[in-house]
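Chain order of the listed sequences is U and Z.
With the working numbering applied, the first sequence corresponds to residues 61 to 536, in that order.
With the working numbering applied, the second sequence corresponds to residues -10 to 484, in that order.
Each residue gets a CB set at the ideal place from its N, CA and C atoms; glycine is no exception.
In this text, all values refer to a predicted model and were calculated from it rather than measured experimentally.
Encoded as structure tokens, the structure appears first; notes follow it.
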Amino acid sequence: MFRPLIFAVIAAGVVEAAPVAKSLVRIEATFQEPSYKAPWNPGEVSGGVGAGFVISGNRIMTNAHVVSNARFLTVSKEGDSRPHPAKVLYIAHDCDMAVLTVEEPDFFRGTVALEFDGIPAIESTVSVYGYPIGGSRLSVTQGIVSRIDFQAYSHSGVDSHLTIQIDAAINPGNSGGPVLQNGKVVGIAFQGYSGDVAQNVGYMIPTPVAKRFLKDIEDGHYDRYVDLALSYKNLFNPAARRALGLKDDDRGVLVGSVYGGGSSEGIVKPGDVLLAIDGLPISSDATIAMDKDSVPLAEVVERKFKGDTVTLDVLRDGKPLHLKIPLNGPWPFTLHSNAYDEDPRFLLFAGLLFQPADQNWMSEYQPDDLRLRYTFDFFIEDKIYRERPEIIVLSGILADPVNAYAADFRYGILDEINGRKILKLADAAEEFAKPAEYYAIKMAGSGRPIILERKAVGEARQRILSRYGVTKEQNP
Amino acid sequence: MIFRILPLFLALCLPATAGVLPQPQKSKPEAAPKTLSVLRVNSTCQSYDFVRPWAKKPPVTKRGLGTLIGGGRLLVTAELVANHTFIELEKATTAEKSSAEVERVDYECNLAILKPADPAFLEGMKPLAPDTGVRVGDRATVLQLEPNGEIAQTLGTVTSISVGGYPLDNMGLLLFRLSAPMQQRDGSFTLPAVRDGKLLGLLMRYDARSQTADIISTPVIEHFLKESAKPSYGGFARTGLAFSSTRDPQLRRYIGLKAAGGVYVTEVMKGGAADKAGLKIADVILAVDGHAVDQDGNYEDSAWGRIAFSHLTNTIFHPGDTVPFRVFRDGNILEVPVKLETRDRSKIISESYVVDRAPRYVILGGIVFMELSRPYLQEWGGDWMKQAPPRMVFLDAFQNELPKDRGKIVFISQILPTPDTLGYDELDNLVVSKVNGKEIRCLDDVVEAAKSPVDGYQKIELNEDPGLIFLDAAAIEANRDALIRKYSLPALQRL
């Protein structure tokens, strides 16, 4: 009795619908979101629905956010609502992509693997498939390609990649669904716009990003994106151009910062003018011409992998230089990025809960403490990672006589224990494990030390664990 | 800045004007003929716009009551006359008027002395003597003027006497708290509180919800008047130290502190009085001027009870006095004489208030340079700590941790777009490190450095991205007048 409905949808003028029905899957996920406020607890369980599609090799492609933190996954084929347990093969949080598989051998029988196409032309029409707002049957909407640009990917919150904006609404449940043109995948629906800011704006991940993900995992491991790890600004100003010895040819961008620990450290310098990347001339607005389109210069590195190199033509102090940059690995300091599939790290000592402040922690606690906000916000810009690779925060106090006078130190940054500088959570665990008469804990900034007597700590331990139902004292 | 504080209190007290609250109690038997001791003060104030530092904000008129203190002078809060352009005194019943000048103002204690232009204007009026004997639980009367010039009296109870933050600089000075149901009448809470015909203090803020008024206390007023009588005004001293309590027995055992009270020094301001006296972090202050200091930093005052020992150093004693501190350090007890001094405001990196003077700025080719101060940040409104540019908020908040000789924080506050600033329009709130290779410690350095362009360019180096910007020195000179004209600027700099 549902058949006619589907045909009615197809009759609405979408020629691709017939093969898509054999490729589209509905993904149901059961999540468990970790609790940062009581990190020893297993976390709340919730559910969600997304879309996916079959690709070569008996795999299903979807968005990372559809399956992140999932404890149990099922997929059902379009028109056949039986759920089949599925598992995640690879997940890329930095570009919101994942591939799944279903172990039941017969699952993929009768399905059709979709093929990828390139970047669709601006103003051309595309069709979006998925299960918006939770429905159990396929929904299709049409839109035109409005814009091709770099956009922030909200799943990680810090990564930007090439994105295609379309004027079809993309709603929860569309996520992971294919966007087709002439029967081929030209994108994966992944995020929309919420609120009153804009209407009929949806975003899809274009195929270069999807193809890069599939290539990255060919070796059985996802390596993440590599990055130049530097910042640059436009060079429109004529006086600046002349002062830097540039021609009036609208080329070049000025390097502002080179981030420590990144690929360009020690090779590129602040004040360098980047003229070309892999031989492609860089315009003064930081774009290059690629695939007949003008794209941000970062797109060159976007398509590369760990271990590749990139070349830069640079003007330094008026002299041209040719620099080779090995892309050794992804940017190491990911604390500003939303993290998934990770158990919160913590250390509980004398009822004092210490945790590394990362984006997950910040969004759960939202502290007002100025020093903490500064240390977190400017961690990379002010190179704080050099002296403090992790920001260890006293995030909570399980009140007990042993810590009765520690309340003022909440949200303080752990600086020293018994004179030892604490760089990582593991350092604190090590120091607290040492026998000492007193544990003198110094927090960053001015303030008295927190003093804990060994005897009192020992006496309090079981009392705190049982009173607060703590099942685990650390996850370092 | 004053305007930011004031409307807040006005807003708070709107419900009070709505008539929900009980009417103030009038004409208690204790009331003396106050008519002769108070005057209406109309103060027209105009503060500077720290976002457009070349402009003043629209004028605002505030009204309060001035209290006659002898010598033909009146006492008001400093807030009432902050950034004043014109002050007018008005007799309550006759509406006779005279202009007045500020003879002395101190924003730390929030007090000002006014002098009428016509010395005969106050003739026949009677000064109020200070009331030094008030205690918690005593009743006091707040005076207000009805539109017809009648005195309105509100009776309240003194609920606490303690050291608390004064508005502009958050300096901790003695204040009386009075619980009284008041009505908003004159757009200001500069009102005298009296008891038995004597002046108890001046109201400086009122919270309509809790119906409590904070009163500038008699000792603070007396200290202010004493300093004002000196040939050179000294003000209120600061020791330049921060401390925390030693309540935690584990801390007390750890540092071997056997004595009863004491506070643990956590911060000693470089170059401050405590620093010069040799006080150190981790010292425990046991007594000040022979008064034992308890675990929370209070001593037993013969008049006011348990109050913070800072009352001794900033109000009882005067700048220049030497106060003995008894200190516990490494198991020993030392007597450390601390010579009190006021803070040298010229050495402050980011000032907490800038009143009665214009913010400094320099505009180079359309790039606006300023020196960081808290009033600039406060332009982002009541929630400025979260709304203002984070980098600037942090620099202001942690300025004590910057090198002491760092000088002012000179930054680009905004760009007035011109052909010379093409491509720079979006730059703002960037700290300037060098101009033409010269280090920048104040705006005057910018002006001086700009006189010697490098190869014909003004080269401006920034601590943050983009790191480096250039202006064509000859072009900005040629476009000077056009810039002034287009943006209607009164001048390209004010120092």
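My assumption, with CB atoms under 8 Å, is that U/L133 sits in contact with Z/L457. Please give the rounded CB distance. About 51 Å separates the two Cβ atoms, so there is no contact after all.
Taking the alpha-carbon of U/V246 as reference, which of U/N123, U/I337 and U/D177 has the nearest alpha-carbon? U/D177
Tell me which residues share the same chain as U/K484 and place their Cβ nearer than 7 Å to its Cβ, disregarding the 5 neighbours each side in the sequence. P449 and E450
Taking buried to mean at least 16 other C-beta atoms within 10 Å of its own C-beta, is U/V114 buried or exposed? buried
Euclidean distance between Cα positions of Z/G309 and Z/F225: 10 Å
Short of 7 Å in beta carbon distance, which residues of its chain neighbour Z/R380, apart from the five on each side in sequence? Order them along the chain. N418
Whole angstroms are fine: how far does the CA of U/A410 sit from the CA of U/Y498? 12 Å
Listed from N- to C-terminal order along the chain, which residues in the segment 511 to 528 of chain U have their beta-carbon within a distance smaller than 9 Å of any beta-carbon of chain Z? I511, L512, E513 and A516
Tell me whether U/R446 is buried or exposed, calling it buried when 16 or more other Cβ atoms sit within 10 Å of its Cβ. exposed
8 Å Cβ cutoff met for Z/R483 and Z/R349: yes
Establish whether the CB of U/Y465 and some CB of chain Z are separated by less than 8 Å. yes
Could you give the uninterrupted runs of the alpha helix (DSSP H) lying entirely in the segment 259 to 329 of chain U, keeping only those of 4 residues or more? 267 to 276 and 298 to 303
Taking Cβ-Cβ distances below 7 Å as the criterion, which residues of the segment 493 to 512 of chain U are in contact with chain Z? Y498, A500, S506, G507, R508, I511 and L512
For Z/F232 versus Z/V209, is the C-beta distance shorter than 8 Å? no
Quick one: grab the DSSP three-state call for Z/M114. coil
Contact between the segment 396 to 416 of chain Z and the segment 289 to 309 of chain U is defined here as three or more beta-carbon pairs at a separation below 8 Å; is this criterion met? yes
Cβ neighbours of Z/P119 in the same chain (closer than 7 Å, five flanking residues each side left out): K187, L188, T207, I210 and E211
Is there a Cβ of chain Z sitting closer than 8 Å to that of U/D309, yes or no? no
Should the segment 369 to 386 of chain Z be called in touch with the segment 425 to 433 of chain Z, which here means at least 3 C-beta pairs below 8 Å? no
In this structure, how does DSSP classify Z/S16 when only helix, strand and coil are distinguished? Note that Z/S16 has pLDDT 39, beneath the 50 cutoff, so the model's placement of it is unreliable and no number is given.
Residues that Z/Y413 contacts on chain U, provided the C-beta gap is smaller than 7 Å: N297
Going along the chain, which residues of its own chain have a beta-carbon closer than 8 Å to the beta-carbon of Z/N468, five neighbours each way excluded? G354, T407, P408 and D409
In chain Z, what lies closer than 8 Å to U/N294 by C-beta? G412
Residues near U/N398 in its chain [Cβ-Cβ closer than 6 Å; skip 5 each side]: S216, G217 and Q419
Runs of beta strand (DSSP E) lying entirely within the segment 473 to 525 of chain U, each at least 3 residues, in chain order: 474 to 477, 498 to 503 and 510 to 513
Can you list the residues of chain U that Z/G245 reaches, using a CB-CB cut of under 8 Å? The premise fails here: Z/G245 is roughly 11 Å from chain U at the closest Cβ pair, so nothing lies under 8 Å.
I'd like to know whether the C-beta of Z/P379 is nearer than 8 Å to at least one C-beta of chain U. yes
To the nearest angstrom, how far is it from the Cα of U/P79 to the Cα of U/V148? 24 Å
Within the same chain, show all residues whose beta-carbon is closer than 6 Å to that of U/S106, passing over the 5 residues directly before and after it, in chain order. F91
Name the chain Z residues that come within less than 7 Å of U/S291, Cβ to Cβ? D454
Sorted by chain position, which residues of the same chain lie with C-beta nearer than 6 Å to Z/E487's C-beta, five sequence neighbours on each side aside? Missing from the structure shown is residue 487 of chain Z; chain Z here goes from -10 to 484 and no further.
In the DSSP output, what is Z/C34 paired with across the bridge? Z/V49 and Z/H73
I'd like to know whether the C-beta of U/L160 is nearer than 8 Å to at least one C-beta of chain Z. no
Are the Cβ atoms of U/H125 and U/S235 separated by less than 8 Å? yes
Rank Z/G267, Z/A266, Z/I102 and Z/N287 by C-alpha distance to the C-alpha of Z/A276 and give the top, closest one. Z/N287
Cut-off 6 Å between Cβ atoms - residues of its own chain near Z/I465, not counting five sequence neighbours on either side: G354 and D409
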